[in-house]
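Under this note's numbering, read the sequence shown as residues 11 to 316, first letter to last.
Down below is the structure, laid out as structure tokens.
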Amino acid sequence: MPSFGGGKVILFGEHGVVHGHPALAAGLSRGVVAEAALADRDELLASPWGVEVAADAASEEPLARAMAAVLTGYPQGRAPARVRAEVSLPGGAGLGCSAALGVAVVAALDELYGVERTPEERGAYSLAWEHVFHGNPSGVDNTMAAVGGVAIYRRGEPLEAVRPRRPLVLVVGNSGESSSTKTMVEDVARQLAGEPERVEKVFSGMASLVQNGRLAIEAGDLSSLGQLMDLNQALLSSLLLSTTKLEAMCRAAREAGALGAKLTGAGGGGCTIALAEDEAKAGVIRDAVAVVAHEAFIATVGGDRP
Ligand code: PMV
Numbered sequence: 011m012p013s014f015g016g017g018k019v020i021l022f023g024e025h026g027v028v029h030g031h032p033a034l035a036a037g038l039s040r041g042v043v044a045e046a047a048l049a050d051r052d053e054l055l056a057s058p059w060g061v062e063v064a065a066d067a068a069s070e071e072p073l074a075r076a077m078a079a080v081l082t083g084y085p086q087g088r089a090p091a092r093v094r095a096e097v098s099l100p101g102g103a104g105l106g107c108s109a110a111l112g113v114a115v116v117a118a119l120d121e122l123y124g125v126e127r128t129p130e131e132r133g134a135y136s137l138a139w140e141h142v143f144h145g146n147p148s149g150v151d152n153t154m155a156a157v158g159g160v161a162i163y164r165r166g167e168p169l170e171a172v173r174p175r176r177p178l179v180l181v182v183g184n185s186g187e188s189s190s191t192k193t194m195v196e197d198v199a200r201q202l203a204g205e206p207e208r209v210e211k212v213f214s215g216m217a218s219l220v221q222n223g224r225l226a227i228e229a230g231d232l233s234s235l236g237q238l239m240d241l242n243q244a245l246l247s248s249l250l251l252s253t254t255k256l257e258a259m260c261r262a263a264r265e266a267g268a269l270g271a272k273l274t275g276a277g278g279g280g281c282t283i284a285l286a287e288d289e290a291k292a293g294v295i296r297d298a299v300a301v302v303a304h305e306a307f308i309a310t311v312g313g314d315r316p
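Now the structure itself:
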């Protein structure tokens, strides 16, 4: 059976989560499936990228190093593994593509070598993969990729499940501007070092949005939830994480009837999410966002896993 790692969207709290604050995230049904088989050497084949790399801790190719990093935890003397992965998420877009790939690869290796782990344990183990791509990952991406659902994540604490009164219908817009999570995280860290009081205030504001967002989701209060998303977007903009294009996408979504809209993930490009009242309204919002974005799709989160 193919192994799965899911993408995710962050509804509230990106960047603050790197510095110990909570984030509220939701798993996507789009992600990565992988299968592992015994082979002559340890290697990863990822489509549709056409990637074929041998695991190598000293390689210049990050995927080769990431493969080597996760393989170190399996029994010594094991036969080598070839992992084939099929990626159905845009990369570098703030949807947790690299973590989804890491979790799918680890799940496939676990199955091949008969290693048993809970989804939380698999998420934690996959952090070694994330470290190759991001200097200081909070752990939210790999945890959500393995566990899914809607949840509050805080560094070093168990994931707290959030139970939506009804599923959330989101329109995900991909700006097509690729951004590096590592660079954006470093940029915010620089701002925090230079102006700790200002940036901590922004993080505290986002932490309140996480708690109020949770209440709105559990109460099924979509209109409040949308307003909270708009507030989170304003706070992220104050950290210089938004772009002209992301702002235009949020505006297009709101003008088409979205209850709220924000960038999701690292910012500086990547994706926006907009909250729709229902599927029909989501279609109208998707079409409006698609005019300014590179692509847009509807994602319903908070039903059954993911
Ligand atoms: O851009 P993504 O999908 O990797 O999301 C990153 C979320 C951040 O909070 C900006 C970084 C992190 O490690 O949590």
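Ideal Cβ placement from N, Cα and C applies to all residues, glycine included.
Bear in mind the structure is a predicted one, so any value in this text is a computation, not a measurement.
Per DSSP, cross-strand counterpart(s) of residue i
i: E170; result: I162
i: E339; result: Look at the range of the chain in this structure, 11 to 316, and you will see that residue 339 is not part of it.
i: C107; result: Paired residue(s): none; C107 is not in a bridge.
i: N184; result: C281 and E305
i: T274; result: C281
i: A286; result: V179
i: E205; result: Partner(s): none; E205 has no beta bridge.
i: S247; result: In DSSP, S247 forms no bridge with anything.
i: T310; result: V179
i: S13; result: A44
i: L34; result: F22 and I162
Coil, strand or helix - residue i by DSSP
i: S57; result: strand
i: A44; result: strand
i: S39; result: strand
i: G101; result: coil
i: V19; result: strand
i: R264; result: helix
i: G145; result: coil
i: E228; result: helix
i: R93; result: The question names Arg, but residue 93 in the sequence shown is Val. Three-state DSSP puts V93 in a strand.
i: S69; result: coil
i: S252; result: coil
i: L235; result: helix
i: L122; result: helix
i: S189; result: coil
i: L320; result: Outside the shown range of the chain (11 to 316) lies residue 320, about which nothing can therefore be said.
i: T82; result: coil
i: A74; result: helix
i: T128; result: coil
i: S214; result: helix
i: R296; result: helix
i: A49; result: coil
i: R88; result: coil
i: L327; result: Here the chain covers residues 11 to 316 and nothing more, so residue 327 does not appear.
Residue i classed as buried or exposed, judged by whether at least 16 other C-beta atoms fall within 10 angstroms
i: W59; result: exposed
i: D288; result: exposed
i: G16; result: buried
i: T82; result: exposed
i: K18; result: buried
i: I211; result: First, the residue type needs correcting, since residue 211 is Lys and not Ile in the sequence shown. By the 10 Å Cβ count, K211 comes out exposed.
i: A49; result: exposed
i: S214; result: exposed
i: P168; result: exposed
i: T193; result: exposed
i: E228; result: exposed
i: E205; result: exposed
i: P85; result: exposed
i: D297; result: exposed
i: R208; result: exposed
Any non-hydrogen atom of the ligand PMV closer than 7 Å to residue i Cβ
i: E187; result: no
i: P32; result: no
i: T153; result: no
i: H29; result: no
i: A114; result: no
i: E24; result: yes
i: A161; result: no
i: T191; result: yes
i: I308; result: no
i: I20; result: yes
i: V157; result: no
i: H141; result: no
i: A276; result: yes
i: M194; result: yes
i: P100; result: no
i: G280; result: yes
i: G223; result: no
i: V150; result: yes
i: G293; result: no
i: P147; result: yes
Next on the checklist: I want to know whether the stretch 102-113 touches the stretch 121-128 - three or more CB-CB distances under 8 Å.
Outcome noted: The stretch 102-113 is not in contact with the stretch 121-128.
Item to check | the stretch 274-290 contacting the stretch 230-249, beta-carbon criterion three pairs below 8 Å | outcome: With the rule of 3 Cβ pairs closer than 8 Å, the stretch 274-290 counts as touching the stretch 230-249.
Checklist entry - Are the stretch 184-191 and the stretch 297-305 touching, with three or more C-beta to C-beta distances below 8 Å? => result Short answer: they touch.
Next on the checklist: With three or more beta-carbon pairs closer than 8 Å as the criterion, would you say the stretch 133-142 touches the stretch 250-257?
Outcome noted: Not touching, per the Cβ criterion.
Next on the checklist: Under 8 Å, with one C-beta from each stretch per pair, do the stretch 150-169 and the stretch 27-40 reach the 3-pair mark?
Outcome noted: Touching, yes.
Checklist entry - Are there three or more Cβ pairs, one per stretch, closer than 8 Å when the stretch 235-250 is compared with the stretch 258-274? => result Note that the stretch 235-250 touches the stretch 258-274; at least 3 beta-carbon pairs, one per stretch, sit closer than 8 Å.
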